[in-house]
Every structure is written in structure tokens, then in C-alpha cells.
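K.L.:
There's a structure below that I have some questions on.
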Amino acid sequence: MWILFALTSATILASRKIQEKKLVGNIGPALGWMLRLVSGICALIIWVIFSRDTVGMTDPVVISVILAVALLYPLQTHLYYRAMYAMPISVFGMMAGIVPLTSLILSHIFLGSPVSSFGLIAIGFTILAIAILSYKRDHGDVHISAILYAIGAYVLFGIGSVLDRTALYHIAPIPYTVLNQIVGAISIFVYTHSLLGNTQVQAARENIPVILMIGGTIAISWLLSSQALLLAPNPGYVGALQNVHMLITALYGVFILKEEITKRKIFVFICMLIALVSFAFA
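Using our numbering, the first residue of the sequence shown is number 158, and each one after it goes up by one.
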């Protein structure tokens, strides 16, 4: 069942990333807090209607994770949108293979989550794919700083996945999503507003319907992802299957946006596909 939750979340994530790419040039990092605020409000509505479960909301572990989230999100958002803006979406999407790699390794070290032989195969192919993707500057306007932005952002996503798994031992997915998204929105808002003021907020007014749509999909994706994290043997496997979205995003960039097709991209795509299949059987 966790595989179904993770794959559904992945499909939603792909549509989100494609829409974000269209908006980030005008709005920039401020897009991060706007989307999380909408997501948190949607999760809050779901919580009020269907749950109202408050168990765990004052748990010290949950509070510690939420505080860590408040510190991580501004930097993660800054790096994420800097990389997204600088890279073709096909390359940026495939770099997301770093997320399950990070979360799987950290989960094994700190949470004792098992890593099977298929998991090791997936790790190997993921490392190979990322190394090849990052080695040369043959991706149009991609340069080394954009690669580093993407690596930094996705490593932080992987760390966040492990923190989420830790918190979900103490709190149900719906109230956790509410806390996570709203606190994240506040921390990113403070960061971006201190740097940019209201300029990007004004630019966002023209895109309110799209922002509302993406924010709603984030809330649904988070709820599905949280359920998968609870059921999966290792949170790294959830991140891996969610990364089906990176393949969808890469195909969108190549075939819809007409981004350059290279042998390197094709090889990396195949490596990532093998890694995802390995995670599915892990």
C-alpha cells in the first residue's frame, strides 16, 4: 500500500514542479512561502473536517522537528529555486535522485532502517547517475553553481524526509502536515521578506489561481507521502518511488519544452529508472 501512496504523490509532484518552473522567474523564492501557506491552509481544512486529532501536537519530539524545519526551509527554498531557475527542467528533475539517497543513508545510520540488496543496487545507480549528470557542462546554460544549488537543496530535502519520519512516530499525518507547512511558510516568509520586501508578492498577484492550485496539490501530496513514510520499511524507499516525478518532469522538459536531448541525459534517465525499479523491489 505504501508504494501506491508514494507513486500517487510522485504524479502530483511532477505537475507541481512543472508549474513552479513557469512561475519562479517572476516570483522567485517568495513562491516558497506562498505555496506552503496555501498547502497548510488546505491541510488545516482537511484536519478540521475529517480529523481534529491533536495527539502529538505538543510532543517534544514533534516540536523539535518543527523547529528544525523552520531553520531548514529558508535555505532549502533559496537553493531549490536558484537551481530551478538556472537549469533546464529536465536536468533539474533528474537531480532529485539525491533525495532518496540522502534519506536512505541517514535513516539507516540514525534510525536503524534496513537496507536490502536491491536498495544497495539503487544507491549505486543513483550515485552513478548524479555523478555523470554533474560531470560536464553540456546542459545548455547549466553551470557548476546551479549543480551545487541543486545538490544542496536536494540533500536538505533528504534530511527533511528523515525528520518527517521521526516526527510521524509521535503524531498523525494530517496534524503534522498542518504544523509543518504553516511553520515552514512563516520561516520562509521572514527570510524572503527581509531580503526582497514586497516586490515578489506584488508579482504573485497575477498568478494567484495557479498558486492556489499548486498549494492544494502540495497538501495532498504531503498527506500521501506521510502515510507512505509510516508504512514503508525505509523512508529512503518512499523518496525513491516519489522520484518517479523526476522522470515525468525530465520527459516533459525534453518533449514539451523541446530541451536538448543528449546521450548523457539518456544514460542518466536509464540509470534512474533502474534505481527506481530496484527501490520498488527492495
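Ideal Cβ positions, reconstructed from N, Cα and C, are used throughout, including at glycine.
Measuring only the C-alpha atoms, how far is A167 from S351?
P.N.:
Looking at the two C-alpha atoms, the distance is approximately 33 Å.
K.L.:
Distance check for T374 and P257, CA to CA, integer angstroms please.
P.N.:
Distance between the alpha carbons of P257 and T374 is about 21 Å.
K.L.:
Rounded C-beta distance between V319 and S260? I'm assuming under 8 Å.
P.N.:
5 Å
K.L.:
Where does V212 land, buried or exposed, given buried means 16+ other C-beta within 10 angstroms?
P.N.:
With fewer than 16 other Cβ atoms inside 10 Å of its own Cβ, V212 counts as exposed.
K.L.:
Please give me, in chain order, every unbroken run of the alpha helix (DSSP H) with length at least 4 that falls completely inside the segment 238-294.
P.N.:
Qualifying alpha helix (DSSP H) stretches, in chain order: 246-251, 255-263, 274-292.
K.L.:
Within 10 angstroms of the Cβ of P271, are there 16 or more other Cβ atoms? Answer buried if so, exposed if not.
P.N.:
exposed
K.L.:
Helix, strand or coil: how does DSSP classify T215 here?
P.N.:
coil
K.L.:
Can you tell me the Cα-Cα spacing of N364 and I289, whole angstroms?
P.N.:
36 Å
K.L.:
To the nearest angstrom, how far is it from the Cα of I316 to the Cα of V248?
P.N.:
C-alpha separation (whole angstroms): 22 Å.
K.L.:
Can you check which of these residues, A329, M251, I413, is closest to A200 by C-alpha distance?
P.N.:
Distances from the CA of A200 to each of A329, M251, I413 were compared; the closest alpha carbon is that of A329.
K.L.:
Between the Cα of H327 and the Cα atoms of G197, T215, A310, I405, which residue gives the shortest distance?
P.N.:
T215
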